[in-house]
Amino acid sequence: MDSFFIRYRNPLVLLVVLAAQIVGLAVQVRRTPGGRDTLDPRDGPGVRLIRLWAEDVVAPPERLFHGSKLGVIGLWQGYLDLHNVSQQNKDLQKTIDRLRLEQASLLEDAKQGQRLQALLDFQQKYIYKTVAAQAIGASGSDQARVFYLDKGSADGLDRDMAVITPDGIVGKVRDVFQHTAQVLAINDQTSGAGVILETTRTRGILRGNAAGQTQIVGILADQRIQPGEKVLTAGGDQIFPRGLAVGVVQKIVRDPDRDAFIDIIVAPAAHIDRLDEVLVITSIASHFPPEAQQDIATSEAVKGAEAAAIKDQKKASEIMAERLPGLTDPNAPAAKPATPPVPGQPASTTPVPVTPTVPKVLPAQRPDRYSPGSSAVVPLPSSPTPKPKVDKPTSSPSGKSTVTAPRKAPGTGEPGTPRRNP
Amino acid sequence: MEVFGPDYRRDLEIRRYPILIYALVPLASLVLQAWLPRLLRGYVWFDLPLVITVYFSLGRRSPIQGTLMGTTMGLFEDALSNHAIGVNGISKTVCGFLASSVGVRIDVENRTIRLILILLLSLLSSAIYVFIYRILLGMELEWNWWTEAFKSVGNSLIALVLFPLLDSVQIRE
Numbered sequence: 137m138d139s140f141f142i143r144y145r146n147p148l149v150l151l152v153v154l155a156a157q158i159v160g161l162a163v164q165v166r167r168t169p170g171g172r173d174t175l176d177p178r179d180g181p182g183v184r185l186i187r188l189w190a191e192d193v194v195a196p197p198e199r200l201f202h203g204s205k206l207g208v209i210g211l212w213q214g215y216l217d218l219h220n221v222s223q224q225n226k227d228l229q230k231t232i233d234r235l236r237l238e239q240a241s242l243l244e245d246a247k248q249g250q251r252l253q254a255l256l257d258f259q260q261k262y263i264y265k266t267v268a269a270q271a272i273g274a275s276g277s278d279q280a281r282v283f284y285l286d287k288g289s290a291d292g293l294d295r296d297m298a299v300i301t302p303d304g305i306v307g308k309v310r311d312v313f314q315h316t317a318q319v320l321a322i323n324d325q326t327s328g329a330g331v332i333l334e335t336t337r338t339r340g341i342l343r344g345n346a347a348g349q350t351q352i353v354g355i356l357a358d359q360r361i362q363p364g365e366k367v368l369t370a371g372g373d374q375i376f377p378r379g380l381a382v383g384v385v386q387k388i389v390r391d392p393d394r395d396a397f398i399d400i401i402v403a404p405a406a407h408i409d410r411l412d413e414v415l416v417i418t419s420i421a422s423h424f425p426p427e428a429q430q431d432i433a434t435s436e437a438v439k440g441a442e443a444a445a446i447k448d449q450k451k452a453s454e455i456m457a458e459r460l461p462g463l464t465d466p467n468a469p470a471a472k473p474a475t476p477p478v479p480g481q482p483a484s485t486t487p488v489p490v491t492p493t494v495p496k497v498l499p500a501q502r503p504d505r506y507s508p509g510s511s512a513v514v515p516l517p518s519s520p521t522p523k524p525k526v527d528k529p530t531s532s533p534s535g536k537s538t539v540t541a542p543r544k545a546p547g548t549g550e551p552g553t554p555r556r557n558p
Numbered sequence: 112m113e114v115f116g117p118d119y120r121r122d123l124e125i126r127r128y129p130i131l132i133y134a135l136v137p138l139a140s141l142v143l144q145a146w147l148p149r150l151l152r153g154y155v156w157f158d159l160p161l162v163i164t165v166y167f168s169l170g171r172r173s174p175i176q177g178t179l180m181g182t183t184m185g186l187f188e189d190a191l192s193n194h195a196i197g198v199n200g201i202s203k204t205v206c207g208f209l210a211s212s213v214g215v216r217i218d219v220e221n222r223t224i225r226l227i228l229i230l231l232l233s234l235l236s237s238a239i240y241v242f243i244y245r246i247l248l249g250m251e252l253e254w255n256w257w258t259e260a261f262k263s264v265g266n267s268l269i270a271l272v273l274f275p276l277l278d279s280v281q282i283r284e
């Protein structure tokens with residue numbers, strides 16, 4: 137018997153090791169109510185322990201590598217940035233000013249939207265608190281699109297928290313250790329995020345494919361969906377807040393399994409393969425965080441200052457308009473003030489005919505042939521046509537010159553027709 | 112004549128390395144496998160733990176050691192991913208066992224043989240991975256064989272550079 141084990145010890149060890157791993161696999165897989173086999177999203181204690189050991193072994197060197205890389209790059213970039221920092225500051229300040237005005241102009245629409253949502257009993261969630269984290273490592277496999285952050289449960293991270301960048305969503309926290317966290321990227325085959333197309337308002341589920349692309353699967357064929365359309369989070373998955381950028385539609389392909397359906401390939405807005413720093417949404421609330429409220433108040437103040445400036449400009453233009461000669465006749469009688477109704481008597485219900493006020497043209501102080509009302513025609517020197525007779529302007533008793541219109545030619549009704557000699 | 116028997120010849124050909132090499136090289140392969148794809152923007156056309164498993168299995172020529180090394184490296188890779196723990200473990204266990212079993216019978220000093228061997232073992236590892244995931248576990252997994260072919264070629268290229276480097280640190284008596 138001993139000789140059997142000694143002789144076949146190599147294949148026996150292989151069989152034992154393989155059998156142990158197969159049993160371990162069987163423990164991890166469970167069958168869904170739909171009859172599909174899938175991994176338990178929450179690791180068992182044994183599996184989690186193995187993952188914790190592996191992460192504890194690999195994370196410290198990864199941090200070291202990542203820190204040294206950042207140090208070298210930061211040193212070089214810091215040197216380069218010194219050259220342009222002043223101009224960049226000016227540009228950034230301009231951008232901030234412009235964005236503040238844009239924010240202020242959009243604020244009214246946002247408030248109106250909030251009021252309407254409140255009427256519909258729909259509670260909007262806002263990003264209340266985020267934690268910045270560095271991506272320090274990945275799974276090392278193209279079949280598992282996960283990466284690791286340098287922050288963990290000690291920093292307030294928890295499972296199923298959304299991970300984003302300013303460009304767009306990145307993924308969700310899949311597992312949390314004390315000082316690290318594993319993030320499942322949106323281009324992994326097992327990921328899922330509720331999304332909506334901005335223009336067509338088509339909803340779907342975003343997931344990854346074998347090539348590492350993100351795609352919306354199981355969409356009914358719709359001719360309106362075109363490449364370039366923006367994709368946003370729908371907010372129904374309880375992970376990503378509504379309205380975050382996901383990407384743009386890259387192309388539309390037929391679903392290989394179902395004829396009436398299409399798959400939409402989405403170009404992610406965030407650079408998922410080149411992530412350095414990400415934000416983990418640790419808290420979502422139904423109101424804005426204090427920083428955002430302060431920012432909105434600043435924008436509103438800016439908007440108020442802008443409105444005051446516009447008001448000042450209007451006032452100045454009104455003063456100038458008063459000083460300059462206008463179309464208003466200063467000698468015209470003042471408008472009769474409306475008589476107040478006599479107490480005890482009913483107000484008169486007789487409609488008063490309202491005549492549209494036509495601006496009265498004031499006579500020119502030094503009239504010439506170009507003055508309004510003078511219908512003088514300047515003939516060409518060589519013109520053989522007889523000149524129309526134009527009466528000389530006469531001075532009125534009030535000292536204002538008036539222009540007499542030319543007489544009508546007999547038989548015609550047209551003014552300015554030359555008079556014929558008998 | 113007994114000293115020139117098979118066991119003696121095998122003992123002569125077993126490669127030995129400093130303890131630090133046994134500890135650090137596998138660890139470095141795991142760390143680099145997790146870190147380099149981020150620098151290479153997601154192009155994971157190599158499998159450093161498999162290359163290291165095959166190298167030490169060929170050099171040690173002990174199927175048990177090759178089996179255990181493959182198991183350890185595979186389980187580590189699985190633990191760093193979001194997949195079931197044991198898929199990579201089984202595939203690399205088989206690869207480690209086969210590499211060490213073949214290493215007893217062939218001349219492992221020949222570079223061409225080593226490159227062909229690692230190319231074939233890479234493809235075998237991918238095939239076992241798909242078999243376990245789709246057949247054994249019955250789970251959905253999209254697969255691209257071109258990527259696996261590129262990965263096998265990448266492993267061979269890495270082995271072309273790495274094996275001579277590791278050969279140079281072995282203990283020679």
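Protein chains in written order, with the working numbering: chain G, 137 to 558; chain X, 112 to 284.
Every residue, glycine too, gets a C-beta built ideally from N, C-alpha and C.
Counting C-beta pairs closer than 8 Å gives fewer than three between the segment 163 to 182 of chain X and the segment 422 to 433 of chain G, which falls short of the contact rule. If you check the CB distance, Thr-418 (chain G) and Leu-243 (chain G) do not come in under 9 Å. Taking 9 Å as the cut-off, the Cβ atoms of Thr-335 (chain G) and Arg-360 (chain G) count as close. Chain-ordered, the chain X residues with CB closer than 8 Å to the CB of Val-193 (chain G) read Leu-138, Leu-141 and Phe-187. Closer than 9 Å to the CB of Gly-214 (chain X) there is not a single CB belonging to chain G. Rounded to the nearest angstrom, the gap between the Cα atoms of Val-319 (chain G) and Gly-348 (chain G) is 15 Å. Between the beta-carbon of Pro-404 (chain G) and that of Thr-350 (chain G) there is about 5 Å, and that keeps the pair under the 8 Å contact cut. The continuous beta strand (DSSP E) containing Asp-399 (chain G) extends over residues 397 to 404. Within chain X, Val-142, Ala-145 and Trp-146 have C-beta atoms less than 7 Å from the C-beta of Glu-198 (chain G), given in sequence order.
Fully contained in the segment 214 to 250 of chain X are the following alpha helix (DSSP H) runs of length 4 or more, in chain order: 222 to 241. Residue contact with chain G for Gly-170 (chain X): absent (no Cβ-Cβ distance below 9 Å to any residue of chain G).
Rounded to whole angstroms, the separation of the alpha carbons of Leu-161 (chain G) and Leu-186 (chain X) is 11 Å. A Cβ-Cβ distance of about 13 Å is found for the pair Ser-327 (chain G) and Ser-192 (chain X), leaving them out of contact under the 8 Å criterion. A Cβ of chain X is located within less than 9 Å of the beta carbon of Trp-189 (chain G). Leu-248 (chain X) belongs to the set of residues whose beta carbon lies under 9 Å from a beta carbon in chain G.
In the DSSP assignment, Ile-282 (chain X) is bridged to X:Arg-127.
With respect to Leu-273 (chain X), Val-205 (chain X) sits apart: the two C-beta atoms are not nearer than 9 Å. Scanning X:Pro-148, X:Tyr-166, X:Arg-171 and X:Ile-196 for the CA closest to the CA of Pro-181 (chain G) turns up X:Ile-196. Only buried fits Asn-266 (chain X), as 16 or more other CB atoms lie within 10 angstroms of its CB. Shown here for Asp-358 (chain G): same chain residues with a beta carbon closer than 7 Å to its own, the five before and five after excluded, namely Thr-336 and Thr-338 in chain order.
Unbroken beta strand (DSSP E) stretches of 3 residues or longer found wholly inside the segment 252 to 336 of chain G: 262 to 274, 282 to 285, 298 to 300, 305 to 312, 317 to 321 and 329 to 333, given in chain order.
For Glu-253 (chain X), the C-beta contacts it makes with chain G under 7 Å involve Gln-325, Asn-345 and Ala-346, in order along the chain. Taking CB atoms only, Ser-192 (chain X) has a neighbour in chain G less than 9 Å away. Residue pairing from DSSP places Ile-341 (chain G) in a beta bridge opposite G:Gly-330 and G:Val-353. Taking 8 Å as the upper bound for CB-CB distance, Tyr-284 (chain G) and Ile-300 (chain G) are not in contact here, some 17 Å apart. Sorting G:Ile-186, G:Gln-386, G:Val-193 and G:Ser-139 by C-alpha distance to the C-alpha of Ala-139 (chain X) places G:Val-193 at the top. For Arg-390 (chain G), DSSP records a beta bridge to G:Ile-398. For Arg-145 (chain G), the uninterrupted alpha helix (DSSP H) segment begins and ends at 145 to 164. Within chain X, no C-beta atom comes nearer than 7 Å to that of Gln-213 (chain G); the closest sits roughly 16 Å away. Taking the Cα positions, Lys-205 (chain G) is about 30 Å away from Val-165 (chain X).
A Cβ-Cβ distance of about 7 Å is found for the pair Val-282 (chain G) and Ala-321 (chain G), placing them in contact under the 8 Å criterion. Going by beta carbons, Ile-269 (chain X) and Leu-151 (chain X) fall outside the 9 Å limit. In this structure, DSSP gives Glu-413 (chain G) an extended state, which the three-state scheme calls strand.
When the Cα atoms are used, Leu-154 (chain G) and Ile-305 (chain G) turn out to be separated by approximately 40 Å. The DSSP-derived three-state label of Leu-151 (chain X) is coil.
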